[in-house]
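For reference, the structure discussed in these notes is given below.
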Amino acid sequence: MHEELIAQAQAWLTEDPDPETRTELARLIDAEDHTELAARFSGTLQFGTAGLRGELGAGPLRMNRSVVIRAAAGLAAYLRKQGPPEREGEAGLVVIGYDARHKSLDFAQDTAAVMIGAGLRAAVLPRPLPTPVLAFAIRHLGAVAGVEVTASHNPPRDNGYKVYLGDGSQIVPPADIDIAAEIAAVPSLTTVRRPTEGWDILDDSVLDAYLARTDAVLSEDSPRTARTVYTAMHGVGKDVLLAAFARAGFPEPVLVAEQADPDPEFPTVAFPNPEEPGAMDLAFATARACETAPDLIIANDPDADRCAVAVQDGTDWRMLRGDEVGALLAAHLVRRGATGTFAESIVSSSLLGRIAEKAGLPHVETLTGFKWIARAEGLRYGYEEALGYCVDPDGVRDKDGITAALLITELASQLKEEGRTLLDLLDDLAVEHGLHATDQLSVRVEDLSLIAAAMHRLREQPPTELAGLPITRTDDLTKGTAELPPTDGLRYTLDGARVIVRPSGTEPKLKCYLEVVIPLGSHQDLPAARARATDVLESIKRDLSRAAGI
């Protein structure tokens with residue numbers, strides 16, 4: 005067993021093109037560290053609808069140049085089999101973006117080299133830029149595919165590989181399965197041609213076109229007065245967001261200086277995700293220190309495809325939930341006369357459906373992730389509770405933290421002119437449609453088998469009630485529904501509440517999404533309704549945790 009493991013590692017070592025991971029792996033082989041070698045060679049990173057994502061390091065279960073080269077070769081083979089590109093006489097173009105994480109540039113360049121070696125064309129964005137710029141560039145340049153090297157809001161030692169096809173949307177089945185099969189068919193890195201030149205490095209014209217497109221997000225004569233504090237969370241959003249805000253005529257955001265510039269170590273946060281406890285503390289402190297109180301705080305995650313919003317609530321600041329921002333943006337678009345489909349993931353608040361129904365607009369629910377939301381027919385607006393918003397699908401058919409920041413700041417400006425705030429509008433929506441209170445039970449694990457065990461337990465010993473509310477319907481989403489393809493998840497419908505349980509697709513987490521809906525008669529009913537909702541949500545979390553054994 006140990007001899008076979010060492011042989012696997014040595015065979016990998018002979019092909020590894022990266023001096024860093026070669027040194028790392030040679031050290032593990034010399035030390036005969038069988039435990040660590042087994043952790044790296046007991047399988048391969050699985051390519052799926054999220055592409056690849058994992059911890060950096062040597063071996064097939066880590067993110068490294070060898071894994072990326074194989075992934076690129078598989079993608080290239082898949083693209084070549086899809087038929088001739090649309091442009092006559094030219095090979096298909098693959099456009100490649102990357103963030104500022106460790107190894108991102110290396111992975112981007114390796115991808116470009118593999119594409120050229122496979123007879124395709126490749127173009128790399130000029131520097132680390134937000135993921136939405138890459139999603140925009142695919143359609144803008146008429147590419148057959150795009151790759152973004154990013155691990156989004158994962159820990160510092162992670163990186164990832166996100167694949168888009170020519171429609172500018174992330175891959176979905178069966179493309180992911182077909183690409184994975186092509187990756188598995190790569191016999192050896194020695195068979196993958198990687199010339200040292202031949203791809204293009206794009207100039208700023210693509211970024212300029214993206215920024216010009218942001219004009220379409222805002223109303224022509226809308227007020228632009230709201231003052232913001234902004235954090236890039238050590239990612240790549242700052243320069244693009246500042247340029248977009250300047251172009252729109254908003255006051256220049258006050259930067260959270262400690263988090264303004266890219267830093268792959270993310271030194272000020274435990275996890276570079278605005279949703280994580282403590283991640284927004286520096287932004288709150290910056291807002292408190294401003295001479296003129298800001299109207300809102302904007303945060304992007306490290307690749308700037310997500311947008312977090314915080315507002316002053318009483319004497320201090322608080323983060324709005326993704327569902328709250330999703331509803332605010334929807335209400336704003338309805339007020340502006342938007343037409344088209346409003347779409348959301350099944351784990352997001354049902355309030356969007358109420359808003360769309362009242363406005364006479366189509367509404368659809370999809371599986372979790374923008375790879376599904378972006379494919380809603382006639383999409384005008386899409387969101388998911390995890391801080392992702394697509395407010396300009398004709399420009400970027402993915403979540404976009406830059407344009408979402410523009411639109412929420414326009415709404416805050418409009419309300420400010422009326423002497424109102426985002427919280428006032430949320431109150432109005434609650435009175436009109438019922439209080440939709442959401443929360444999440446999220447459990448991060450080291451051992452992924454604990455997630456499978458929890459899902460198995462819930463299926464074998466299903467709860468019959470939560471928080472004293474009887475479960476009126478249970479949907480095992482692995483079987484799919486008339487509207488949804490199969491996915492690993494459970495949905496419980498209760499009297500006045502809803503719970504969805506699913507493993508995260510990008511992190512080692514079990515996620516449980518909770519919603520309680522309480523009808524209201526007037527604004528005076530809000531305090532009691534909120535207190536009731538909080539009690540019910542806390543009780544559901546306790547009962548669900550017990551039922552899942554987590």
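Just add 4 to the spot in the sequence shown (first one is 1) and you have this note's numbering. By construction, the Cβ of each residue, glycine as well, lies at the ideal position given by its N, Cα and C atoms.
query: Any chance the segment 226 to 243 sits against the segment 255 to 268, with 3 or more Cβ pairs inside 8 angstroms?
result: Flag = yes, the segment 226 to 243 and the segment 255 to 268 touch.
CB of Ala170 within 8 angstroms of CB of Ile187, strictly: Indexing the sequence shown from 1 puts residue 170 at position 166. Indexing the sequence shown from 1 puts residue 187 at position 183. The identity of residue 170 in the sequence shown is Gly, whereas the question assumes Ala. Gly170 is not a Cβ neighbour of Ile187, given a cutoff of 8 angstroms.
query: With burial defined as no fewer than 16 other Cβ atoms inside 10 Å of the residue's Cβ, what is the status of Lys85: buried or exposed?
result: Your numbering for residue 85 matches position 81 in the sequence shown. Answer is exposed; the Cβ neighbour count stays below 16.
task: For Asp2, I'd like the list of residues in its chain whose CB is within less than 7 angstroms of its CB, leaving aside the five on either flank, ordered along the chain.
output: The chain is shown from 5 up to 554; residue 2 falls before or after that span and cannot be answered.
Span separating the alpha-carbon of Pro21 from that of Arg384: Within the sequence shown, numbered from 1, the residue matching residue 21 stands at position 17. Within the sequence shown, numbered from 1, the residue matching residue 384 stands at position 380. In this model, Pro21 and Arg384 are separated by some 45 angstroms (Cα to Cα).
message: For the pair the segment 144 to 156 and the segment 500 to 507, tell me if three or more CB-CB distances fall below 8 angstroms.
response: Cβ pair count under 8 angstroms is below three, so no.
task: Output the boundary residues of the beta strand (DSSP E) element that contains Ala127.
output: Residue mapping note: residue 127 aligns to position 123 of the sequence shown, counting from 1. Unbroken beta strand (DSSP E) run through Ala127: 125 to 128.
query: Within 10 angstroms of its Cβ, does Lys375 collect 16 or more other Cβ (buried), or is it exposed?
result: Indexing the sequence shown from 1 puts residue 375 at position 371. Under this definition Lys375 is a buried residue.
task: Starting from the Cα of Phe346, find the closest Cα among Ala380, Arg322, Gly318 and give me that residue.
output: Numbered from 1 along the sequence shown, position 342 holds the residue referred to as residue 346. Considering only alpha carbons, the answer is Ala380.
query: Under 8 angstroms between the Cβ atoms of Ala434 and Arg401?
result: Start at 1 with the first residue of the sequence shown, and residue 434 comes out as number 430. Start at 1 with the first residue of the sequence shown, and residue 401 comes out as number 397. Using a Cβ distance threshold of 8 angstroms, Ala434 and Arg401 do not count as a contacting pair.
Alpha carbon of Leu427 to alpha carbon of Leu109, nearest angstrom: Sequence index remark: in the sequence shown, residue 427 carries index 423 (1-based). Sequence index remark: in the sequence shown, residue 109 carries index 105 (1-based). Looking at the two C-alpha atoms, the distance is approximately 41 angstroms.
message: For a test of the three-state rule: what should DSSP assign to Ile377, helix, strand or coil?
response: For this step, residue 377 is matched to residue 373 along the sequence shown. Taken through DSSP and simplified to helix, strand or coil, Ile377 comes out as helix.
query: Buried or exposed: which applies to Leu452, given that a residue is buried once 16 or more other Cβ atoms fall within 10 Å of its Cβ?
result: For this step, residue 452 is matched to residue 448 along the sequence shown. With fewer than 16 other Cβ atoms within 10 Å, it is exposed.
task: Quick one: which unbroken alpha helix (DSSP H) runs of 4-plus residues sit fully inside the segment 377 to 435? Chain order, please.
output: DSSP runs (the alpha helix (DSSP H)) wholly in the segment 377 to 435: 405 to 421.
- request: Just mark Ala314 as buried or exposed, buried being the case when its beta carbon has 16 or more other beta carbons within 10 Å.
  value: As a working note, residue 314 is residue 310 in the sequence shown. Residue burial is scored here from C-beta neighbours: Ala314 has at least 16 other C-beta atoms within 10 angstroms and is therefore classed as buried.
- request: Kindly indicate which residue of Ala264, Thr478, Pro132 has the alpha-carbon position closest to the one of Asp207.
  value: Taking the sequence shown and counting its residues from 1, the one referred to as residue 207 is at position 203. Minimum Cα distance to Asp207 is reached at Pro132.
- request: Counting only runs of 3+ residues fully inside the segment 111 to 163, write out the beta strand (DSSP E) ranges in chain order.
  value: Here the runs fully enclosed are 125 to 128, 149 to 153.
message: If we require 4 or more residues per run, which alpha helix (DSSP H) segments fall completely within the segment 441 to 466?
response: For the segment 441 to 466, whole alpha helix (DSSP H) runs of length 4 or above, ordered along the chain, are 453 to 464.
field: Given Val240 as reference, the closest of Asp265, His106, Val273 once Cα atoms are compared
entry: Indexing the sequence shown from 1 puts residue 240 at position 236. Of all alpha-carbon atoms in Asp265, His106, Val273, the one lying nearest the alpha-carbon of Val240 is that of Asp265.
query: What residues in its chain sit with their C-beta under 8 angstroms from that of Arg125, if we drop five residues either side in the sequence?
result: The count along the sequence shown starts at 1 and reaches residue 125 at position 121. Correct list, in chain order: Glu94, Ala95, Gly96, Leu97, Val98, Met119, Trp203, Asp204.
message: Less than 8 angstroms between the beta carbons of Ala15 and Ile33, yes or no?
response: Looking up residue 15 in the sequence shown gives position 11. Looking up residue 33 in the sequence shown gives position 29. No. Outside cutoff.
- prompt: Quick one: what does DSSP say Thr485 is sitting in, helix, strand or coil?
  reply: In the sequence shown, counting from the first residue as 1, residue 485 sits at position 481. Looking at Thr485 - three-state DSSP - the assignment turns out to be coil, as it is neither helix nor strand.
query: What do you get for Arg463, buried or exposed, if any count of 16 or more other CB atoms within 10 angstroms of its CB means buried?
result: Position 459 of the sequence shown, counted from the start, is the residue given in the question as residue 463. With fewer than 16 other Cβ atoms from the protein chains shown falling within 10 Å of its own Cβ, Arg463 counts as exposed.
query: Among all the DSSP beta bridges, which residues are the ones paired with Cys516?
result: For the purposes of this step, residue 516 is taken as residue 512 along the sequence shown, with counting starting at 1. DSSP output for Cys516 lists Leu445, Val505 as bridge partner(s).
query: So what does DSSP say about Pro474, is it helix, strand or coil?
result: Residue mapping note: residue 474 aligns to position 470 of the sequence shown, counting from 1. Secondary structure at Pro474: strand, using DSSP grouped into helix, strand and coil.
- request: Helix, strand or coil for Lys107, going by three-state DSSP, please let me know.
  value: One-based indexing of the sequence shown puts residue 107 at position 103. Lys107: coil per DSSP, three-state reduction.
- request: For the beta strand (DSSP E) containing Leu494, list its first residue and its last residue.
  value: Locating residue 494 in the sequence shown gives position 490, counting from the first residue. Looking at the DSSP string, the run of the beta strand (DSSP E) that includes Leu494 is 494 to 498.
- prompt: Under three-state DSSP, which class holds Glu224?
  reply: Locating residue 224 in the sequence shown gives position 220, where the first residue counts as 1. If DSSP states are grouped into helix, strand and coil, Glu224 belongs with coil.
task: For the segment 416 to 432 and the segment 472 to 483, state whether three or more C-beta atom pairs, one from each stretch, are separated by less than 8 angstroms.
output: The segment 416 to 432 is not in contact with the segment 472 to 483.
message: Going by DSSP in three states, Ala189 sits in which element: helix, strand or coil?
response: Counting from 1 along the sequence shown, the entry for residue 189 is found at position 185. Three-state DSSP puts Ala189 in coil, outside helix and strand.
- prompt: Taking the alpha-carbon positions, what's the Thr538 to Lys420 distance?
  reply: Start at 1 with the first residue of the sequence shown, and residue 538 comes out as number 534. Start at 1 with the first residue of the sequence shown, and residue 420 comes out as number 416. Distance from the CA atom of Thr538 to the CA atom of Lys420, rounded to whole angstroms, is 29 angstroms.
- prompt: Just curious, the alpha helix (DSSP H) that Asp317 is in, first and last residue?
  reply: Counted from its first residue, the sequence shown places residue 317 at position 313. Annotation: Asp317 is outside any alpha helix (DSSP H); the continuous beta strand (DSSP E) that includes it extends over 311 to 317.
query: Alpha carbon to alpha carbon, what distance is there between Ala289 and Trp321?
result: As a working note, residue 321 is residue 317 in the sequence shown. As a working note, residue 289 is residue 285 in the sequence shown. Distance between the alpha carbons of Trp321 and Ala289: 9 angstroms.
- prompt: Quick one: what's Ala347 bridged to in DSSP?
  reply: One-based indexing of the sequence shown puts residue 347 at position 343. According to DSSP, Ala347 bridges with Val368, Gly386.
query: From Arg57, Gln113, Ala248, Ser526, pick the residue whose C-alpha is nearest to that of Leu211; which is it?
result: Translated into positions along the sequence shown, residue 211 becomes position 207. Closest option to Leu211, Cα to Cα, is Ala248.
query: Can you round the beta-carbon distance between Leu541 and Ala390 to whole angstroms, since I take them to be within the 8 angstroms contact cut?
result: The residue you call residue 541 lines up with position 537 of the sequence shown. The residue you call residue 390 lines up with position 386 of the sequence shown. Contact between Leu541 and Ala390 is absent: CB atoms are separated by about 18 angstroms, not below the 8 angstroms threshold.
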